[in-house]
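Protein sequence lines, in the order shown, are assigned to chains V and Z.
The first sequence stops at residue 505 when you use full-length UniProt numbering, and every number in between is there.
The second sequence stops at residue 505 when you use full-length UniProt numbering, and every number in between is there.
Where is the CB? At the ideal position from N, CA and C, for every residue including glycine.
Being a predicted model, the structure only gives us computed values, none of them experimental.
Protein chains: 2
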Amino acid sequence: MKQETAEKWKSFLELLRKIASYHEAVSLMHWDLRTGAPRKGAEARSETIGLLSTEAFKLQTSTAMGEFLSYLNHQTVLGELDETGRRLVQLVQEEYDRSVKIPPAKFQEYAELTAHAETLWEDYKESGDFAGFEPYLTRIVALTQEFIDYWGPKETRYDTLLDMYEPDLTVEKLDQVFGKLRDRLVPVVDAITSAPHKPQAPFLNQLYDKEQQKKIGIFLLEQIGYDFEAGRVDETVHPFEITLNQGDVRITTHYVQDDVTNSIFSNLHEGGHALYEQNVSKELAGTPLSQGTSMGIHESQSRFWENFVGRSRDFWERYYGDLQQHFPEQLKDVTVDEFYRGINRVENSLIRIDADELTYNLHIIIRYEIEKMIFNEGLPVSELPKVWNEKYKAYLGLTPPNDSLGVLQDVHWSGGSFGYFPSYALGNMYAAQIANTLKNELPQFEGFIAEGNFAPIKEWLTEKIYKYGKSLKPAEIIMNVTGEELNPDYLADYLEQKYKGIYGL
Amino acid sequence: MKQETAEKWKSFLELLRKIASYHEAVSLMHWDLRTGAPRKGAEARSETIGLLSTEAFKLQTSTAMGEFLSYLNHQTVLGELDETGRRLVQLVQEEYDRSVKIPPAKFQEYAELTAHAETLWEDYKESGDFAGFEPYLTRIVALTQEFIDYWGPKETRYDTLLDMYEPDLTVEKLDQVFGKLRDRLVPVVDAITSAPHKPQAPFLNQLYDKEQQKKIGIFLLEQIGYDFEAGRVDETVHPFEITLNQGDVRITTHYVQDDVTNSIFSNLHEGGHALYEQNVSKELAGTPLSQGTSMGIHESQSRFWENFVGRSRDFWERYYGDLQQHFPEQLKDVTVDEFYRGINRVENSLIRIDADELTYNLHIIIRYEIEKMIFNEGLPVSELPKVWNEKYKAYLGLTPPNDSLGVLQDVHWSGGSFGYFPSYALGNMYAAQIANTLKNELPQFEGFIAEGNFAPIKEWLTEKIYKYGKSLKPAEIIMNVTGEELNPDYLADYLEQKYKGIYGL
Chain V
1 MKQETAEKWK
11 SFLELLRKIA
21 SYHEAVSLMH
31 WDLRTGAPRK
41 GAEARSETIG
51 LLSTEAFKLQ
61 TSTAMGEFLS
71 YLNHQTVLGE
81 LDETGRRLVQ
91 LVQEEYDRSV
101 KIPPAKFQEY
111 AELTAHAETL
121 WEDYKESGDF
131 AGFEPYLTRI
141 VALTQEFIDY
151 WGPKETRYDT
161 LLDMYEPDLT
171 VEKLDQVFGK
181 LRDRLVPVVD
191 AITSAPHKPQ
201 APFLNQLYDK
211 EQQKKIGIFL
221 LEQIGYDFEA
231 GRVDETVHPF
241 EITLNQGDVR
251 ITTHYVQDDV
261 TNSIFSNLHE
271 GGHALYEQNV
281 SKELAGTPLS
291 QGTSMGIHES
301 QSRFWENFVG
311 RSRDFWERYY
321 GDLQQHFPEQ
331 LKDVTVDEFY
341 RGINRVENSL
351 IRIDADELTY
361 NLHIIIRYEI
371 EKMIFNEGLP
381 VSELPKVWNE
391 KYKAYLGLTP
401 PNDSLGVLQD
411 VHWSGGSFGY
421 FPSYALGNMY
431 AAQIANTLKN
441 ELPQFEGFIA
451 EGNFAPIKEW
461 LTEKIYKYGK
471 SLKPAEIIMN
481 VTGEELNPDY
491 LADYLEQKYK
501 GIYGL
Chain Z
1 MKQETAEKWK
11 SFLELLRKIA
21 SYHEAVSLMH
31 WDLRTGAPRK
41 GAEARSETIG
51 LLSTEAFKLQ
61 TSTAMGEFLS
71 YLNHQTVLGE
81 LDETGRRLVQ
91 LVQEEYDRSV
101 KIPPAKFQEY
111 AELTAHAETL
121 WEDYKESGDF
131 AGFEPYLTRI
141 VALTQEFIDY
151 WGPKETRYDT
161 LLDMYEPDLT
171 VEKLDQVFGK
181 LRDRLVPVVD
191 AITSAPHKPQ
201 APFLNQLYDK
211 EQQKKIGIFL
221 LEQIGYDFEA
231 GRVDETVHPF
241 EITLNQGDVR
251 ITTHYVQDDV
261 TNSIFSNLHE
271 GGHALYEQNV
281 SKELAGTPLS
291 QGTSMGIHES
301 QSRFWENFVG
311 RSRDFWERYY
321 GDLQQHFPEQ
331 LKDVTVDEFY
341 RGINRVENSL
351 IRIDADELTY
361 NLHIIIRYEI
371 EKMIFNEGLP
381 VSELPKVWNE
391 KYKAYLGLTP
401 PNDSLGVLQD
411 VHWSGGSFGY
421 FPSYALGNMY
431 AAQIANTLKN
441 ELPQFEGFIA
451 EGNFAPIKEW
461 LTEKIYKYGK
471 SLKPAEIIMN
481 VTGEELNPDY
491 LADYLEQKYK
501 GIYGL
């Protein structure tokens with residue numbers, strides 16, 4: 001590397017590190033708001049989040065950043081960098097191009113508003129008061145529409161949002177993939193509906209002590225390899241994973257007294273996200289490459305650990321005894337087979353995060369269609385409860401009795417995360433496709449699970465996916481790992497086979 | 001106000017609000033490091049704290065700040081402001097003058113080092129490994145010495161540090177006040193040593209369940225008026241109060257299984273700090289006036305609630321029944337009189353935070369003398385354990401068996417807080433002097449305590465002290481409230497009278 005390049009590169013990395021420090025502070029403030037920050041401090045806190053997010057934004061769009069990029073992003077200079085360096089320049093350039101189009105005052109308003117709305121959402125969800133929440137959501141949508149204009153709409157306005165979470169994903173592609181998936185899953189759902197022997201699991205809904213739920217949750221997280229010296233587990237309304245820095249990858253969970261599986265699977269789910277983040281190569285620390293590559297690939301990992309590992313028969317052959325020890329009264333007369341069938345029963349339900357592996361995708365398709373309506377057809381926010389309830393009736397045959405169990409159930413929109421929901425279904429499809437390759441390359445896969453030996457699985461995923469962070473694009477990951485593009489058939493195959501076994505179809 | 005002044009004033013307040021947002025973020029990161037942040041993230045976190053503290057520091061010393069101050073701090077312009085406005089300009093000018101002398105790179109090193117050292121201190125305290133901690137402490141002392149040079153030494157080098165925590169306090173004055181206090185207290189300590197009937201309280205050191213300790217702690221905090229919607233209580237090695245913003249004033253406590261009084265009195269102590277911060281006038285929010293005026297006055301409030309309220313006979317006449325209900329087994333045969341005498345027994349001990357009201361001041365004098373030796377006589381850090389142990393032998397007749405129970409016991413030095421310790425003794429003296437006035441003006445004081453009716457007491461303190469925040473200097477507060485300067489006789493009178501009663505002297 002020439003001396004001039006070496007100096008620019010060092011200063012460029014320092015600037016990125018400074019930006020990362022704002023993100024760490026803002027992430028901690030968000031985490032804190034959701035894990036017990038006092039109510040009366042929330043308004044000033046929102047303002048503080050807005051101010052510091054704006055500072056980070058100013059650095060990302062600063063003249064200094066522009067100058068670094070215009071120096072570094074030249075063929076001859078890129079040739080002096082290694083592959084990771086080139087990826088970093090490319091990614092920062094993309095973010096710069098995107099950010100520089102948003103006026104800082106707009107960005108600050110957006111940051112303050114979404115921080116505030118996320119806090120308010122907890123109350124409005126609790127009371128089911130959509131009308132109270134509507135003005136905030138209306139303003140968030142309006143600002144997002146303005147952002148789309150600043151960025152320039154793609155094929156459709158909503159494509160612009162999709163691309164933020166899953167680079168290069170389009171409405172056209174998603175309509176096709178979701179269509180194919182739906183066509184293959186509907187017959188399975190129908191067959192289950194008319195199956196003669198449906199698993200029943202009233203034992204899952206007895207009273208399960210919260211402290212015992214905590215204990216088994218921590219135990220299972222330790223088992224799959226979540227590093228508690230580089231993370232912690234707290235309780236929130238809506239579980240999430242948040243990375244403060246490479247040695248501080250936190251997750252949260254939600255304890256439901258009469259549903260023991262809720263916290264177990266949310267721990268395995270968020271734990272899957274965390275395994276990804278905890279195992280990104282340390283060399284990428286302090287740069288934007290140091291995180292999962294896309295929301296879809298991220299979700300593939302949470303789903304992999306939650307469903308492909310955590311809802312498998314082998315997993316419970318190994319751990320059901322431990323669970324029984326934590327809840328001897330509740331589970332003494334329940335066999336592992338009954339338990340396995342119980343946690344995999346299919347039921348149309350109102351709440352996305354409680355849905356089974358099969359119907360979950362319908363919850364996503366509903367949100368995807370509503371988001372398309374908002375951004376491509378101008379559906380007003382005031383209409384959301386009505387449209388939401390109609391779609392739940394049409395797709396799942398259910399009508400939410402109130403907005404707490406309907407349109408207010410998810411935190412995403414209050415944080416401005418439009419275009420995020422499809423990642424969940426992508427995650428399912430990626431997970432199945434990756435699991436297929438994993439089983440071919442590690443034929444002992446099921447045996448490892450049955451032994452509680454997750455290290456080889458975690459290592460394989462680290463080598464193939466985790467360590468790269470954002471230095472490979474999602475499409476590259478999928479192609480490198482599985483040898484083909486995203487293919488929804490793997491998920492359909494997996495679900496067909498699994499539910500044939502459980503429902504004796 | 002002229003239009004030009006009005007515009008400058010608005011921008012000046014916005015700049016102060018931005019600086020406050022950095023302080024809120026940094027405070028939250030400190031709080032988080034001590035309340036369970038994962039170990040592996042601590043190094044990156046320290047760097048982040050350093051980076052953001054440096055940004056705040058740059059704003060405080062920025063050209064923009066210099067220009068605001070040179071405009072506002074003119075006789076004619078000050079005349080356009082109200083009294084609070086003038087105080088704000090004065091305070092910001094003082095902080096500017098102090099900060100502008102420190103090179104930003106030095107400040108950043110100091111911020112990163114102290115953040116890192118505070119985390120390390122927990123480990124070194126645990127293991128008693130002073131040699132391991134020594135290099136960090138040596139560097140902190142060296143940087144502090146450099147800062148003294150930048151600021152310019154006062155009468156002595158240590159005076160410069162004292163002034164930071166208690167404006168206008170000097171070694172000369174403190175030597176006098178501490179001398180007088182010691183002369184009056186030593187005879188009381190001697191009389192107690194030879195008293196025929198000493199209270200015994202083995203019942204305090206049974207096993208007290210932590211969850212029950214938490215419950216009674218929260219109950220008592222609610223009773224004295226700590227607002228849980230504007231704060232929260234967590235567990236740390238060393239209890240503290242920290243203000244994130246006016247609606248977010250947090251405290252921490254430490255539960256000792258075989259000493260029930262430890263968490264109770266640390267809650268009342270930190271709760272006293274918090275009552276001060278929670279009741280500063282809302283009009284001062286977002287400015288540096290929005291906090292307690294000095295460490296000494298702050299400590300007077302923690303001591304007032306801990307000792308003058310919490311260790312009084314009246315308080316336990318009211319609350320002993322509640323305590324017994326939380327610990328029926330442990331306290332069933334203990335009378336309120338035995339309990340009251342038990343919590344007020346005097347014993348020479350090794351640990352400052354566990355010391356009784358009487359000998360506590362000796363712990364402070366030891367630290368005061370050592371800090372003077374470090375900064376005025378160049379005592380090397382490597383000598384600290386030896387000097388510490390010698391002084392404990394001389395003043396309290398005890399030799400720490402290890403450095404965990406000796407020189408490593410307090411967090412202050414690892415955070416660079418040299419000159420802070422004297423505030424604790426000042427707090428005791430201020431508290432006694434203020435309590436004397438309070439009893440004259442609210443003759444029902446003791447009755448209010450016996451009824452558990454703390455609102456009139458909190459209101460009196462709010463009106464006289466809390467609401468002003470930093471808009472009055474400590475000497476003004478004491479003069480306004482009590483009509484005279486700091487006078488150690490009030491503390492001596494109070495302690496004499498109290499211990500004569502308890503020990504039948």
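Pairwise C-alpha distance: residue j and residue i
{"i": "Ser46 (chain V)", "j": "Ser53 (chain V)", "result": "10 Å"}
{"i": "Leu239 (chain Z)", "j": "Tyr494 (chain V)", "result": "For clarity, residue 239 (chain Z) is Pro in the given sequence; the question names Leu instead. Cα-Cα distance, rounded: 53 Å."}
{"i": "Leu405 (chain V)", "j": "Asp354 (chain V)", "result": "11 Å"}
{"i": "Ile365 (chain Z)", "j": "Ser417 (chain Z)", "result": "16 Å"}
{"i": "Ile502 (chain Z)", "j": "Tyr319 (chain Z)", "result": "19 Å"}
{"i": "Ala105 (chain V)", "j": "His30 (chain Z)", "result": "29 Å"}
{"i": "Tyr360 (chain Z)", "j": "Tyr110 (chain Z)", "result": "30 Å"}
{"i": "Ile477 (chain Z)", "j": "Asp190 (chain Z)", "result": "34 Å"}
{"i": "Glu496 (chain V)", "j": "Arg313 (chain V)", "result": "15 Å"}
{"i": "Gly469 (chain V)", "j": "Thr144 (chain Z)", "result": "41 Å"}
{"i": "Glu166 (chain Z)", "j": "Tyr96 (chain V)", "result": "47 Å"}
{"i": "His254 (chain V)", "j": "Glu241 (chain V)", "result": "12 Å"}
Min CB distance residue i to chain V below 9 Å
{"i": "Arg45 (chain Z)", "result": "yes"}
{"i": "Lys10 (chain Z)", "result": "no"}
{"i": "Thr48 (chain Z)", "result": "yes"}
{"i": "Ser21 (chain Z)", "result": "yes"}
{"i": "Arg34 (chain Z)", "result": "no"}
{"i": "Pro38 (chain Z)", "result": "yes"}
{"i": "Met65 (chain Z)", "result": "no"}
{"i": "Ala117 (chain Z)", "result": "no"}
{"i": "Glu112 (chain Z)", "result": "no"}
{"i": "Ala285 (chain Z)", "result": "yes"}
{"i": "Ala142 (chain Z)", "result": "no"}
{"i": "Ala42 (chain Z)", "result": "yes"}
C-beta contact flag for residue i and residue j at 9 Å
{"i": "Ile216 (chain V)", "j": "Asp322 (chain V)", "result": "yes"}
{"i": "Leu113 (chain Z)", "j": "Phe68 (chain Z)", "result": "no"}
{"i": "Trp413 (chain Z)", "j": "Ile140 (chain Z)", "result": "yes"}
{"i": "Leu438 (chain V)", "j": "Ile457 (chain V)", "result": "yes"}
{"i": "Glu317 (chain Z)", "j": "Ala450 (chain Z)", "result": "yes"}
{"i": "Met429 (chain V)", "j": "Val188 (chain V)", "result": "no"}
{"i": "Gly310 (chain V)", "j": "Ile351 (chain V)", "result": "no"}
{"i": "Gly231 (chain V)", "j": "Pro38 (chain Z)", "result": "yes"}
{"i": "Ile19 (chain V)", "j": "Leu59 (chain V)", "result": "yes"}
{"i": "Val381 (chain Z)", "j": "Leu162 (chain Z)", "result": "no"}
{"i": "Gln330 (chain V)", "j": "Phe445 (chain V)", "result": "no"}
Neighbour flag for residue i against chain Z, beta carbons, 9 Å
{"i": "Glu24 (chain V)", "result": "yes"}
{"i": "Phe228 (chain V)", "result": "yes"}
{"i": "Gly247 (chain V)", "result": "yes"}
{"i": "Lys18 (chain V)", "result": "yes"}
Whole-Å CB distance - residue i paired with residue j, under 8 Å assumed
{"i": "Ala455 (chain V)", "j": "Gly225 (chain V)", "result": "7 Å"}
{"i": "Gln291 (chain V)", "j": "Thr335 (chain V)", "result": "Between Thr335 (chain V) and Gln291 (chain V) the Cβ distance is about 42 Å, and since that is not below 8 Å, they are no contact."}
{"i": "Asn245 (chain V)", "j": "Ala44 (chain Z)", "result": "4 Å"}
{"i": "Gln212 (chain Z)", "j": "His326 (chain Z)", "result": "5 Å"}
**Report entry** Complete alpha helix (DSSP H) runs within the stretch 99-176 of chain V (minimum length 4 residues, chain order)
**Finding:** Listed in chain order, the complete alpha helix (DSSP H) runs (minimum 4 residues) inside the stretch 99-176 of chain V are 104-127, 130-151 and 157-165.
Query - Ranges of the alpha helix (DSSP H) found wholly within the stretch 447-497 of chain V, counting only runs of at least 4 - result: Whole alpha helix (DSSP H) segments, 4+ residues: 455-464 and 474-482.
Query - Start-end ranges of the alpha helix (DSSP H) lying completely within the stretch 236-315 of chain Z, minimum 4 residues - result: Listed in chain order, the complete alpha helix (DSSP H) runs (minimum 4 residues) inside the stretch 236-315 of chain Z are 260-278 and 295-303.
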